[in-house]
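Below you can see the structure in the form of structure tokens.
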């Protein structure tokens, strides 16, 4: 998740997603517009006697709304620090913490697979939220009723931070409660299988949350959609990681001797014809046997049809090539493709020579075969892929 970097705390970059810049004033507006009802809720919950009248006048209600919204997202940030600092204590690297539409996201470079580590990391966030709620409540008790605005904000933060902790502990994988469920399931079953079960529970939770949102709050429908997509995505990623555990790029790539290439001087018209005949959508570009770039169908489409005879591959190719080594893991190849938004990677050996090409098609086909055969043996995967792989496969 990209965002605007606003600083670093404990060595962890803090970012703001553009959706946060939209949702913060929206939350401030909602709180400011509902100060009267919220004051009644706080008084009823904590037995206090805050006078709502002075708080509902403009501009006081909007000042309170802004302060409460900022305090709420500060609590979310501390919640994510709870996850991050515990994860770092276990040796995981934290890429960043990003505040966005649905709160906060702490990005780790690696997902913990030890069930105890995941359990402690998952519960750390809600525990911090409860502590923030308790501290806010202590402040709420200490502030006199004459400081009604401050008392309201502290009461609101005490209430919402505890509610945040409770909501996050519901079994909506990949929320905290879903991760706790996966950790407990992983005590006596493979991590991938535990993820699948937790993801199915999370999808069901998302479905029920969406139905509830239809009759109460449309924001919950959007949250349900996020949970459903997140559960599906992480489950697929985890299952793929397990399937590719012993598979390296060499096992699934198209070898150099079977690889179709083009030269810099190939016209774009010839390139399009070659793509049509061979059903490829991307080629390595060679000069005197050396890789100098990659050219794709999207590159060629950028040239008007009447000009394709005049343009050469060198005019449209990318010479900033992302490559991978033959001994890199299959999941590393997939991660590189996702990070650089490319569909194929040239495979370069230690001598800098092009030895093959690996594509999303190779990865997906290998995954399907491993899933079908139930084998994680890279030799079996290689043999199976080899039986189906040919220079005419679409890439």
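Numbering (full-length UniProt numbering), first residue to last: 1 to 395.
Positions of the beta carbon are idealized from the N, C-alpha and C atoms, including for glycine.
How would you call residue 142, buried or exposed, if buried means at least 16 neighbouring beta carbons within 10 angstroms? Residue numbering aside, residue 142 sits at position 142 when the chain shown is read from its first letter. With fewer than 16 Cβ atoms within 10 Å of its Cβ, residue 142 is classed as exposed.
Apart from the five residues on each side of it in sequence, which residues of its chain come closer than 6 Å, Cβ to Cβ, to residue 76? Here residue 76 corresponds to residue number 76 of the chain shown, with the count starting at 1. When the five nearest sequence neighbours on each side are left out, the beta carbons in the same chain lying within less than 6 Å of the beta carbon of residue 76 are those of 103, 104, in order along the chain.
Between the alpha carbons of residue 182 and residue 124, how many angstroms are there, rounded? Against the chain shown, residue 182 aligns to sequence position 182. Against the chain shown, residue 124 aligns to sequence position 124. Cα-Cα distance, rounded: 15 Å.
Hey, quick one: how far does the beta strand (DSSP E) through residue 189 stretch, first residue to last? Along the chain shown, read from residue 1 onward, the residue named residue 189 stands at position 189. It is not in any beta strand (DSSP E) - residue 189 carries neither H nor E in the DSSP assignment.
As an exercise, report each continuous alpha helix (DSSP H) stretch of at least 4 residues that is fully enclosed by the segment 235-262, in chain order. Assignment of alpha helix (DSSP H) within the segment 235-262, counting only whole runs of 4 or more residues, yields 249-252 in chain order.
Quick check on DSSP: helix, strand or coil for residue 290? In the chain shown, the residue the question calls residue 290 occupies position 290. Reduced to three states, the DSSP call for residue 290 is strand.
By how many angstroms is the C-alpha of residue 92 removed from the C-alpha of residue 369? Along the chain shown, read from residue 1 onward, the residue named residue 369 stands at position 369. Along the chain shown, read from residue 1 onward, the residue named residue 92 stands at position 92. Between the C-alpha atoms of residue 369 and residue 92 there is a straight-line separation of about 32 Å.
According to DSSP, simplified to helix, strand and coil, what is residue 51? Counting from one through the chain shown, the residue named residue 51 turns up at place 51. Reduced to three states, the DSSP call for residue 51 is coil.
Rounded to whole angstroms, what's the CA-CA distance from residue 107 to residue 12? Just pull it up for me. Locating residue 107 in the chain shown gives position 107, where the first residue counts as 1. Locating residue 12 in the chain shown gives position 12, where the first residue counts as 1. Distance from the CA of residue 107 to the CA of residue 12, rounded to the nearest whole angstrom, comes to 10 Å.
Cβ neighbour criterion (16 or more within 10 Å) applied to residue 216: Start at 1 with the first residue of the chain shown, and residue 216 comes out as number 216. By the 10 Å Cβ count, residue 216 comes out exposed.
In terms of residue numbering, what span does the alpha helix (DSSP H) encompassing residue 78 cover? Here residue 78 is taken as the residue at index 78 of the chain shown, counted from 1. Residue 78 -> alpha helix (DSSP H) spans 60-89.
Exposure label - residue 346; buried when at least 16 CB within 10 Å: Here the question's residue 346 lines up with position 346 in the chain shown. That one is buried.
Where the alpha helix (DSSP H) containing residue 365 begins and where it ends: Along the chain shown, one-based indexing puts residue 365 at 365. For residue 365, the enclosing alpha helix (DSSP H) begins and ends at 360-373.
Short of 6 Å in beta carbon distance, which residues of its chain neighbour residue 192, apart from the five on each side in sequence? Order them along the chain. What you label residue 192 is simply residue 192 of the chain shown in a count that begins at 1. For residue 192, the CB contacts under 6 Å within the same chain, skipping 5 residues up- and downstream, are 238, 239, 242 in chain order.
Range of the contiguous beta strand (DSSP E) that encloses residue 106: Mapped onto the chain shown, residue 106 falls at position 106. First-last of the beta strand (DSSP E) with residue 106: 103-108.
First through last residue of the beta strand (DSSP E) which encompasses residue 95: Along the chain shown, one-based indexing puts residue 95 at 95. Its beta strand (DSSP E) spans residues 94-100.
Residue 7, buried or exposed, once every other Cβ within 10 Å from all chains shown has been counted against 16: Residue mapping note: residue 7 aligns to position 7 of the chain shown, counting from 1. Residue 7 is exposed by the Cβ-count criterion.
Among 167, 174, 185, nearest to residue 229 - alpha-carbon criterion: As a first step, residue 229 must be located in the chain shown, where it is residue number 229. Measuring from the Cα of residue 229, the nearest candidate turns out to be 174.
For residue 350, does the three-state DSSP call read helix, strand or coil? Taking the first residue of the chain shown as 1, we reach residue 350 at position 350. Coil, per DSSP.
Element boundaries [alpha helix (DSSP H), containing residue 312]: As a working mapping, residue 312 is identified with position 312 in the chain shown. Careful: residue 312 lies outside any alpha helix (DSSP H) and carries neither H nor E.
Hey, how far is the Cα of residue 130 from the Cα of residue 162? Within the chain shown, numbered from 1, the residue matching residue 130 stands at position 130. Within the chain shown, numbered from 1, the residue matching residue 162 stands at position 162. Taking the straight line joining both Cα atoms gives about 5 Å.
Between the C-alpha atoms of residue 271 and residue 371, what's the straight-line distance to the nearest angstrom? On the chain shown, position 271 is the one that residue 271 refers to. On the chain shown, position 371 is the one that residue 371 refers to. Between the C-alpha atoms of residue 271 and residue 371 there is a straight-line separation of about 36 Å.
Could you tell me the boundaries of the beta strand (DSSP E) in which residue 16 lies? Within the chain shown, numbered from 1, the residue matching residue 16 stands at position 16. It spans 12-16 - the beta strand (DSSP E) in which residue 16 sits, taken as one unbroken run.
For residue 79, count neighbouring C-beta atoms within 10 Å of its own C-beta (all shown protein chains included) and say buried if the count is 16 or more, exposed if not. Working through the chain shown from its first residue, we reach residue 79 at position 79. Buried: at least 16 other Cβ atoms inside 10 Å.
Following the continuous alpha helix (DSSP H) through residue 166, name the residue where it begins and the one where it ends. To locate residue 166, count along the chain shown from 1; it is residue 166. First-last of the alpha helix (DSSP H) with residue 166: 148-168.
Using CA coordinates, which residue listed in 116, 94, 121, 100 is at the minimum distance from residue 109? Taking the first residue of the chain shown as position 1, residue 109 is located at position 109. Put simply, of 116, 94, 121, 100 the residue whose alpha carbon is nearest the alpha carbon of residue 109 is 94.
Exposed or buried, which one is residue 196 when buried takes at least 16 other CB atoms within 10 Å? For the purposes of this step, residue 196 is taken as residue 196 along the chain shown, with counting starting at 1. Residue 196 should be labelled buried.
Sub-9 Å separation of residue 293 and residue 306 beta-carbons: Stepping through the chain shown from its first residue, residue 293 is reached at position 293. Stepping through the chain shown from its first residue, residue 306 is reached at position 306. The answer is no: Cβ separation not under 9 Å.
Measure the alpha-carbon distance for residue 266 versus residue 286 and round it to whole angstroms. Your numbering for residue 266 matches position 266 in the chain shown. Your numbering for residue 286 matches position 286 in the chain shown. Their Cα atoms are separated by approximately 10 Å.
Just to confirm my understanding: we take residue 309, look at its own chain, exclude 5 residues before and 5 after, and list those with CB closer than 6 Å. What are they? Here residue 309 refers to the residue found at position 309 when the chain shown is read from its first residue. The residues are 267, 269.
Just to confirm before moving on: does the CB-CB distance between residue 227 and residue 212 stay below 9 Å? Within the chain shown, residue 227 is the residue found at index 227, counting from 1. Within the chain shown, residue 212 is the residue found at index 212, counting from 1. Against a cut-off of 9 Å, the Cβ pair of residue 212 and residue 227 comes out as no contact.
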